[in-house]
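First residue of the sequence shown: 3, per this note's numbering; consecutive thereafter.
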Amino acid sequence: MKSKAAVLWGLNQEWSVEEIDVHGPKAKEVLVQWKAAGLCHSDEHLVTGDLVPPKEAWAFMGIEDFFPVIGGHEGAGVVIEVGPGVTSVKVGDHVSASFVPSCGRCRYCSTGRQNLCDAGAQTFIGGMITDGTHRHFARGDKPVTLMAKLGTFSEYSCVAEDSVIKVEQDIPFECVALVSCGVATGWGSATSRAGTQAGDTVVVVGIGGIGMNAVQGARMAGATRIIAIDPVEFKREKAMEFGATHTFSSMEEAIPAVMEMTWGQMADRVIMTPGVLRGEMMESGMTLAGKGGTVVVTAISPMMDSTASINLFQLAMWNKEIKGTIFGSLNPRADIPALLDMYRAGQLKLDELITKTYSIEQINEGYRAMRDGENLRGVIVYG
Ligand SMILES: NC(=O)c1ccc[n+]([C@@H]2O[C@H](COP(=O)([O-])OP(=O)(O)OC[C@H]3O[C@@H](n4cnc5c(N)ncnc54)[C@H](O)[C@@H]3O)[C@@H](O)[C@H]2O)c1
Ligand SMILES: [Zn+2]
Ligand SMILES: [Zn+2]
């Protein structure tokens with residue numbers, strides 16, 4: 003079938019909105035009609051190259067050609083066709099995208115760590131997770147890769163059953179789309195990975211679609227002080243509406259203030275969610291954490307960067323820890339429906355995260371707005 007999609011043909015280019023061909027689902031695959039897709043910063047990392055493996059490594063990784071790629075990994079839609087052997091969803095079901103697939107059988111899935119599913123290792127390889135062949139073709143017969151095996155910047159895409167999660171039909175698609183990455187990742191960074199407890203002081207660095215939800219997670223976990231740091235005033239104002247108790251425009255500005263408000267103890271948890279995490283930013287992030295403090299690295303850094311400024315003496319002597327996280331260390335199959343339930347119960351803000359909606363043709367404008375700090379989240383809504 004034909005589908006309008008936003009395709010990236012190379013580094014530092016605009017998204018090209020064009021018609022592609024989508025083939026039907028084979029075994030363990032489903033065809034999804036996407037209804038909404040969030041504009042997460044991770045797709046921008048494809049454009050800037052932070053998330054693109056170096057060309058020399060492609061052959062080793064089994065990648066024939068990284069580009070073209072259909073963007074989009076935050077999404078919600080309806081299943082319109084299922085291939086043989088699909089059991090978890092049927093035609094007509096509403097589904098959330100899951101940028102980490104969960105097979106349910108690997109060592110990680112079977113020990114409650116679906117965010118580490120072995121099937122996620124194939125994210126950068128060209129074809130389907132199921133059999134390695136392609137279902138999406140552009141400009142004739144050029145195979146197209148899907149961002150995170152999802153490609154939600156397309157009206158339709160064919161994805162593995164393992165990459166979608168059935169959700170209840172009463173929740174708006176835009177809200178499901180946001181939960182599928184940004185909300186879960188931010189919320190889980192504060193709750194699951196950082197382990198925020200009642201009474202804690204929590205610092206969140208970078209208040210975008212991810213960081214705002216780390217603020218929500220810290221609030222729901224009972225933190226006493228939630229310090230939101232972002233250079234953009236609009237983000238700081240909104241952070242207060244989502245539960246922050248203090249805001250600052252930079253980590254350097256926050257350090258003396260956090261020292262004063264905690265009587266020198268500093269923060270229990272620091273969550274790093276800026277658009278791009280540069281190694282040198284870790285020094286201030288670590289300074290914001292006190293004795294026994296936890297620093298969670300959620301934001302993405304350029305893939306090949308391997309240096310960061312960290313005072314190792316303080317790391318050891320102050321008994322601090324640094325933890326990475328993918329998907330906020332949550333389990334997509336359990337936690338996406340659970341977060342939607344919290345929204346239904348009025349505990350989790352989702353509508354308020356959507357600053358503006360766009361058509362797929364307006365995607366480059368949506369990303370410009372993200373870069374310029376105008377949106378908490380922009381969302382593509384398909385007509
Ligand atoms: N670990 C994961 O599983 C996962 C999942 C999704 C996204 N991410 C990553 O999380 C990061 C945040 O994504 P997003 O969609 O929220 O991005 P965003 O662009 O919506 O928000 C980033 C925010 O960081 C702010 N910022 C930039 N530099 C800063 C600095 N030095 N100090 C404080 N704030 C700063 C910006 O003003 C902006 O408000 C990205 O790197 C994204 O790729 C990681
Ligand atoms: Zn994302
Ligand atoms: Zn698995």
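Note that CB positions come from ideal geometry on N, CA and C, so glycine has one too.
Quick one: Cα of residue i to Cα of residue j, how far?
| i | j | result |
| --- | --- | --- |
| Asp343 | His138 | 34 Å |
| Gly134 | Tyr158 | 19 Å |
| Lys237 | Leu378 | 7 Å |
| Ser104 | Asp337 | 12 Å |
| Arg387 | Gly210 | The shown model of the chain, from 3 to 385, leaves out residue 387, and the question about it has no answer. |
| Leu352 | Cys177 | 6 Å |
| Cys108 | Lys30 | 16 Å |
| Ile382 | Leu314 | 43 Å |
| Val298 | Gly326 | 6 Å |
| Met284 | Ala301 | 11 Å |
| Ala256 | Ala246 | 14 Å |
| Lys168 | Thr89 | 11 Å |
| Thr50 | Ser303 | 11 Å |
| Ala223 | Ala123 | 31 Å |
| Thr203 | Ala318 | 21 Å |
| Gln218 | Arg141 | 43 Å |
| Thr264 | Gly201 | 12 Å |
| Val146 | Val80 | 22 Å |
| Gln199 | Ile228 | 12 Å |
| Pro56 | Ile22 | 26 Å |
| Ile356 | Leu180 | 9 Å |
| Gly294 | Ser100 | 33 Å |
| Ile231 | Ser286 | 12 Å |
Any heavy atom of ligand 3 closer than 7 Å to the Cβ of residue i?
| i | result |
| --- | --- |
| Arg107 | yes |
| Ser104 | yes |
| Asp23 | no |
| Asp337 | no |
| Asp52 | no |
| Ala121 | yes |
| Cys111 | yes |
Taking 7 Å as the cut-off, is the CB of residue i close to at least one heavy atom of ligand 1?
| i | result |
| --- | --- |
| Ser311 | no |
| Gly287 | no |
| Ala301 | yes |
By the DSSP assignment, the beta strand (DSSP E) with residue i in it spans what residues?
| i | result |
| --- | --- |
| Leu33 | Glu31 to Gly40 |
| Met2 | No answer is possible for residue 2: it lies beyond the span of the chain, which begins at 3 and ends at 385. |
| Gly79 | Glu76 to Val84 |
| Thr249 | His248 to Phe250 |
| Thr203 | Thr203 to Val207 |
| Ile231 | Arg227 to Ile231 |
Given a threshold of 16 other Cβ atoms within 10 Å of its Cβ, counted over all protein chains shown, does residue i qualify as buried or as exposed?
| i | result |
| --- | --- |
| Arg373 | exposed |
| Glu354 | exposed |
| Gly156 | According to the sequence as given, residue 156 is Ser; it is not Gly. By the 10 Å Cβ count, Ser156 comes out buried. |
| Ser308 | exposed |
| Thr113 | exposed |
| Ser311 | exposed |
| Pro276 | buried |
| Met306 | exposed |
| Ala61 | exposed |
| Trp36 | buried |
| Glu163 | buried |
| Gly385 | exposed |
| Pro334 | buried |
| Ala347 | exposed |
| Met63 | exposed |
| Asn321 | exposed |
| Thr132 | buried |
Start and end of the alpha helix (DSSP H) containing residue i?
| i | result |
| --- | --- |
| Cys177 | Phe175 to Leu180 |
| His43 | His43 to Thr50 |
| Tyr345 | Pro334 to Arg346 |
| Ala256 | Met253 to Met263 |
| Lys57 | Lys57 to Met63 |
| Tyr369 | Ile365 to Arg373 |
| Ala241 | Glu235 to Glu243 |
| Arg221 | Gly213 to Met222 |
Across which residues does DSSP place residue i in a beta bridge pair?
| i | result |
| --- | --- |
| Ile22 | Ser5 and Ala140 |
| Thr1 | A query on residue 1 cannot be resolved here, the shown segment of the chain reaching from 3 to 385 and no further. |
| Gly380 | Lys358 |
| Pro145 | Phe139 |
| Cys160 | Leu33 |
| Lys168 | Val97 |
| Ala291 | Ala269 |
| Leu10 | Val71 |
Relative to ligand 2, is the shortest distance from any of its heavy atoms to the C-beta of residue i smaller than 7 Å?
| i | result |
| --- | --- |
| Gly79 | no |
| Gly292 | no |
| Phe101 | yes |
| Gly87 | no |
For a cutoff of 8 Å on Cβ pairs, would you count residue i as touching chain B?
| i | result |
| --- | --- |
| Arg271 | Protein chains in the displayed structure number just one, and chain B is not present. |
Measuring only from the beta carbon, is residue i closer than 7 Å to any heavy atom that is part of ligand 4?
| i | result |
| --- | --- |
| Pro70 | Absence of ligand 4 is noted for the structure shown, with ligand 1, ligand 2 and ligand 3 being the only ligands found. |
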